[in-house]
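**Student:** Residue numbers (our numbering): 1248 to 1353.
Here you go, one structure.
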Ligand code: FES
């Protein structure tokens, strides 16, 4: 496994959102409410890109239909109305030498 750095930990702050292509996948590194997550740039509701999403209080709100997802467990907020929407996926992050990134098989 090789460490693939994404950004300096020191540059990640509340509301951080940056787009990356990692192993051919369109992803976003995001941070809000103490949660840093690497997520697909694709809303679990209807596939809309999330790179213009709003981040507040540990959640990300999709700009298309305004559904909000928790960053800690990926769940959509809204009770029964959103119960069948899959959770937001995320990839395991690793910190190394002051940088945050992921481990990639070589
Ligand atoms: S596509 Fe994201 S909320 Fe509908």
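Note that the Cβ used here is the ideal one computed from N, Cα and C, for glycine as well.
#1: Note down the Cα distance separating residue 1265 from residue 1259, rounded to an integer number of angstroms.
#2: Is the distance from the Cβ of residue 1314 to the Cβ of residue 1332 below 9 Å?
#3: Which residues mark the beginning and the end of the beta strand (DSSP E) in which residue 1320 is found?
#4: Measure the C-alpha to C-alpha separation of residue 1371 and residue 1302 and round it to an integer number of angstroms.
#5: Three-state secondary structure (DSSP) at residue 1281?
**Tutor:** To lay it out plainly:
#1: Within the chain shown, the letter at position 18 stands for residue 1265. Within the chain shown, the letter at position 12 stands for residue 1259. Taking the straight line from one Cα to the other gives about 10 Å.
#2: Here residue 1314 refers to the residue found at position 67 when the chain shown is read from its first residue. Here residue 1332 refers to the residue found at position 85 when the chain shown is read from its first residue. In this structure, residue 1332 lies closer than 9 Å to residue 1314 by Cβ.
#3: What you label residue 1320 is simply residue 73 of the chain shown in a count that begins at 1. Unbroken run through residue 1320: none, as it is neither H nor E.
#4: A query on residue 1371 cannot be resolved here, the shown segment of the chain reaching from 1248 to 1353 and no further.
#5: If you number the chain shown from 1, residue 1281 lands on position 34. Coil, per DSSP.
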